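Going by full-length UniProt numbering, the sequence shown opens with residue 1, and the numbers climb by one from there.
Written out below as structure tokens is the structure these notes cover.
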Amino acid sequence: MVSELINANLVSMRRKSVEIELNPAMWTTFSHHIRDIKDPEHPYSLEELKVITEDAIEVDDQRSHMVTFTPKVEHCSMATVIGLYLRVKLMRSLPSRYKVDIRVAPGTHATEVAVNKQLDDKVRVTAALENPNLVDM
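In structure tokens:
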């Protein structure tokens with residue numbers, strides 16, 4: 001945990017029930033795995049903070065999925081960590097046949113391109129898989 005909070009006055013949002021017409025099983029699969037991931041700086045889940053929403057998951061076909069997350073502040077220093085949390089959690093939870101891309105929502109972070117590049121870096125993702133801090137997420 002970081003000792004100094006970037007956004008100390010954060011307000012938590014309540015969970016709402018999720019209904020998706022196209023593929024409810026896919027949303028259930030994803031939401032089951034990522035809905036309770038905690039924010040690294042706050043005691044709330046990413047879903048409660050609206051960092052992850054039902055609209056953030058796009059299914060291109062049955063094997064390719066895009067998860068887009070929205071940092072709460074434009075200069076969030078935890079954006080890469082949050083993205084790695086999401087990737088590691090899904091890589092460990094879903095069968096290997098699924099391809100999952102994790103992205104920062106366009107225009108929501110000052111260094112969006114750099115964060116997205118880091119989230120696609122295989123070496124960084126491999127190191128994250130070995131990181132004991134991510135094991136406890």
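Where is the CB? At the ideal position from N, CA and C, for every residue including glycine.
This one's a predicted model, so the numbers in the text were calculated from it and none came from an experiment.
Enumerate in chain order the residues of its own chain whose CB-to-CB distance from residue i is below 7 Å, with the five nearest sequence positions on each side excluded.
i: His109; result: Pro71, Glu74, Cys76, Ala79 and Val115
Buried or exposed, going by whether 16 or more other CB atoms sit within 10 Å of the CB of residue i?
i: His65; result: buried
i: Glu58; result: exposed
i: Glu130; result: exposed
i: Val88; result: buried
i: Asp39; result: buried
Report the partner residues of residue i according to the DSSP bridge assignment.
i: His103; result: Reading off the sequence, residue 103 comes out as Arg, not His. BP columns for Arg103 point to Thr68.
i: Lys38; result: Ser45
Could you check how far apart the C-beta atoms of residue i and residue j are, in whole angstroms? I think they sit under 8 Å.
i: Leu86; j: Ile37; result: 7 Å
i: Arg46; j: Phe69; result: Inspection of the sequence shows that residue 46 is occupied by Leu rather than by Arg. Indeed, because the Cβ distance is near 7 Å, the residues count as touching under 8 Å.
i: Arg92; j: Arg63; result: Not a contact, Cβ separation roughly 17 Å.
Of the choices the options, whose alpha-carbon is the least far from that of residue i?
i: Asp101; options: Leu94, Asp120 and Arg92; result: Asp120
i: Leu90; options: Val67, Val104, Pro106 and Ala105; result: Val67
i: Thr53; options: Ala105, Glu112, Lys122 and Thr111; result: Ala105
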